[in-house]
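Worksheet for the structure shown next.
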Amino acid sequence: MTFLLLFAIVSLFLVPDLKDVWHNLLSEEMGFSLKLSLVTGLVSTVLVMAFALPIGYALSRFDFPFKSFVKTILDLPVAFPELVLGLCLLLLFGNTLVGELFRRLSINLVFTKQGVVAAQFFTALPYASRILKSTFDYISPRLEFVSRSLGYSQMETFFNVSLPLAKNGILAATVISFARCIGTFGTVLILAGGTYMKTEVLPMTLYLNISYGNMGMALTSGIVLTTVSFIAIFIFERTEVDI
Amino acid sequence: MSFVEIDDLSIDLGEFSLKGVSFSLERGDYLTVIGPTGAGKTIFLESIVGFWRPDRGRIALDGRDITAELPEHRHIGIVYQDYALLPHMTVYGNIAYGLKKHKPENMDEAIRKMAQSLHIDHLLHRKPTTLSGGEQQRAALARVLIVEPSLLLMDEPFSALDPQTRRRARLLLKEAIGERATTVIHITHDLDDAWALANKLAVFKDGRLLQIGAMDTVFSRPKNRFVAEFIGTGFFSGTVVSRENGCVKIDVEGTCFQSLDRADKGEPVDVAIRCEDVRVSRKKPSVANGFNILNATLKNIIPEGSSSLLDLGVDNLQMNALLTQNAMRRLDARRGENLYALIRKEHVKIVQAG
């Protein structure tokens, strides 16, 4: 099985002509797609980490009512089909009170670039939260207890003790989140739409070009996405939580 | 008013709990806490330092009610069994961590002086993970002592050390504590820690404080069979059969003990005899001379480092005697041999009448 999978991945790099790949990489569509993917991926990753850090810490350290329910809801998107998640988000941010609230704040999440960020955010958040929860689980609460007994508040202890000790986990969660954001397809397609040169991120370029029968562009998108994933997994393996 | 006052402290964390713990300590007291695993000893310390909010009860330190205070405002230090040194900081960083909060002018000098007194001045640049157990223990001690806490709590700080390092650590701790007259509560499984360091002893079981008192009192007069067995004191239930000239005779399953304690004839009593107070002889003394003299059979010899614990069968009773290795050599007894157990009448303590 491993060889079959390896063969499938390698063939992605062997089938296309290198000149074609280079030419496609320099095309306007690929430039747009790459730029949009990187920008939305970075913004989503920052947002994901901003939410996942407190979520992961709270799930690891505090007991609160409905904690298991919150955990289940957070984990749900991991097992959820992306298309269904996209549909749920489309319903939520469409003609509802929540959608209206966002529109009043000049944030329109349906069939827009902002929608791409929202779709990527909701897809990657559970992964980052889980990694960070495990990271904080590894850090002995006694280290925080001792810090507090030495005169530091809970917040100071978080920044002086918990955060520095969680740095490997934070890096891993960031890399995985970025890879998830860049690679998200179904959720983006339903919420932000797959509009050419508008909400066209890398997976969408692959999808649209396969539909047109433009295999060269599709393969180039696939190579870029696979390279990002390889780099992410490589960094993740190197920074495995080791407290 | 006592320095530490704990009144009806109760907390339920599911697996562990505390049930109505009350006691007080004077400034400079050194209390060792013993009890079986799961007795709630660590929760007890963590409640005092403020990591768990009690369901009920009150904790006062130097006259100040600190029950609802945050841990960072209590000025109580804690040393854990695993030392809990911050792994991302050097030893210097760890010692400086608590001190930085107070921002003293001569911080560097204070750190180096403290490190020197605990013989870790050559380790200041090292990360905790590169240190031995004894070195980590001294670094953790330096970190907490340098901030001069009002109360120092220690959760089995010597348990990971080898016997020789443990002895040295005890001496160092005694010196460091003695200089500051710090009040200490120290959880241990090793009664040698208690004898070497403490003036008071507390015994916990199932979240309850069974007994607390001066070391000698707890060992001589354990409150119940559990406490007695836990600290190695013999505990027997019997009935007073006579009382003459200030001496009572107690019948325990056919064996007669004489005690100088007070009790009335016919009264059921519990009797405690410390194993250190049981002497063993091959020859029967010609004159009783204030001793209970009992026929005993040596059932087993359990070597315990510098001493040996003798398991004696006295009629239907089982009794222990603790002898130094020198005394063992003089006695030169073998398993199964018939001997005499000699116990002074004043060492037979009536701990609970009725």
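These protein sequence lines map, in sequence, to chains A and B. Note that the working numbering gives residue 49 to position 49 of the first sequence, counting from 1, and the numbers run on in steps of one. To convert a position in the second sequence, counted from 1, into the working numbering, add 243. For each residue, glycine too, the CB sits at the ideal point set by N, CA and C. Note that this is a predicted model, so its numbers are computed, not measured.
Cβ of residue i within 9 Å of any chain B Cβ
i                : result
LEU171 (chain A) : no
TYR57 (chain A)  : no
VAL241 (chain A) : Unreliable positioning characterises VAL241 (chain A) in this predicted model, as indicated by a pLDDT of 45, which lies under 50. The coordinate reading is nonetheless provided below. No - not a single Cβ of chain B is within 9 Å of the one on VAL241 (chain A).
ASN24 (chain A)  : no
VAL161 (chain A) : yes
LEU53 (chain A)  : no
LEU132 (chain A) : no
LEU85 (chain A)  : no
SER68 (chain A)  : no
TYR152 (chain A) : yes
PRO65 (chain A)  : no
LEU219 (chain A) : no
PRO77 (chain A)  : no
LEU165 (chain A) : yes
Beta carbon proximity, residue i to chain A, threshold 9 Å
i                : result
LYS370 (chain B) : no
PRO465 (chain B) : no
PHE294 (chain B) : yes
VAL427 (chain B) : no
VAL387 (chain B) : yes
GLY320 (chain B) : yes
ASP298 (chain B) : no
ASP325 (chain B) : yes
ALA528 (chain B) : This sequence places Pro at residue 528 (chain B); Ala is not what is there. No, no contact with chain A.
GLU258 (chain B) : no
HIS362 (chain B) : no
VAL334 (chain B) : no
PRO400 (chain B) : no
GLU312 (chain B) : no
GLU391 (chain B) : no
ARG572 (chain B) : no
HIS331 (chain B) : yes
ARG381 (chain B) : no
ARG317 (chain B) : yes
GLU289 (chain B) : yes
Anticipated Cβ contact below 8 Å, residue i with residue j, distance rounded
i                : j                : result
PRO297 (chain B) : SER290 (chain B) : 6 Å
CYS181 (chain A) : ALA232 (chain A) : No, CYS181 (chain A) and ALA232 (chain A) are not in contact; Cβ-Cβ is about 10 Å, not under 8 Å.
THR310 (chain B) : ARG301 (chain B) : 5 Å
HIS429 (chain B) : THR275 (chain B) : 5 Å
LEU191 (chain A) : ALA128 (chain A) : Between ALA128 (chain A) and LEU191 (chain A) the Cβ distance is about 19 Å, and since that is not below 8 Å, they are no contact.
ASP459 (chain B) : ALA282 (chain B) : Not confirmed; about 23 Å, so no contact.
VAL427 (chain B) : TYR273 (chain B) : 5 Å
GLY194 (chain A) : MET204 (chain A) : 5 Å
C-beta atoms of residue i and residue j nearer than 9 Å
i                : j                : result
GLY497 (chain B) : ASP558 (chain B) : yes
LYS599 (chain B) : SER502 (chain B) : Nothing about residue 599 (chain B) can be read from this structure; chain B reaches only from 244 to 597.
LEU42 (chain A)  : PHE178 (chain A) : yes
ALA382 (chain B) : LEU366 (chain B) : yes
LYS602 (chain B) : LEU163 (chain A) : The structure shown does not extend to residue 602 (chain B), since chain B spans only 244 to 597, so no value can be given for it.
THR372 (chain B) : LEU395 (chain B) : no
TYR323 (chain B) : ARG142 (chain A) : yes
THR540 (chain B) : GLY579 (chain B) : yes
LEU206 (chain A) : LEU189 (chain A) : no
LYS133 (chain A) : ILE55 (chain A)  : yes
GLY377 (chain B) : THR408 (chain B) : yes
LEU416 (chain B) : LEU374 (chain B) : no
GLY263 (chain B) : PRO406 (chain B) : no
VAL292 (chain B) : PHE145 (chain A) : yes
VAL514 (chain B) : PHE500 (chain B) : yes
PRO77 (chain A)  : LEU87 (chain A)  : no
PHE246 (chain B) : LEU268 (chain B) : yes
Residue-chain proximity (residue i, chain D), Cβ-Cβ < 9 Å
i                : result
GLU378 (chain B) : As a matter of chain content, chain D is missing from the structure shown, whose protein chains are A and B.
Got a sec: which bits of the stretch 139-150 of chain A sit with their beta carbon under 7 Å from any beta carbon on chain B, in order along the chain?
-> SER140, ARG142, LEU143, PHE145, VAL146, ARG148, SER149 and LEU150
Can you list the alpha helix (DSSP H) stretches of 4 or more residues lying completely in the stretch 33-105 of chain A, in chain order?
-> 67-79, 82-93 and 97-104
Any alpha helix (DSSP H) of 4 or more consecutive residues that is wholly inside the stretch 411-497 of chain B = 434-440, 458-463 and 468-474, all fully within the stretch 411-497 of chain B.
The stretch 341-360 of chain B: positions lying closer than 7 Å to chain A by Cβ | GLY341 and LYS344
What runs of the alpha helix (DSSP H), each 4 residues or longer, lie entirely inside the stretch 146-174 of chain A?
-> 154-157
What runs of the alpha helix (DSSP H), each 4 residues or longer, lie entirely inside the stretch 297-359 of chain B?
-> 314-317 and 334-345
Near-chain B residues of the stretch 184-214 of chain A - C-beta to any C-beta below 8 Å | none
Jot down the residue ranges of each uninterrupted beta strand (DSSP E) in the stretch 205-236 of chain A, minimum 3 residues, whole runs only, in chain order.
-> Taken in chain order, the stretch 205-236 of chain A contains no complete beta strand (DSSP E) segment of 3 residues or longer.
Of all the residues that make up the stretch 536-561 of chain B, which are near chain A by a beta-carbon distance shorter than 9 Å?
-> none
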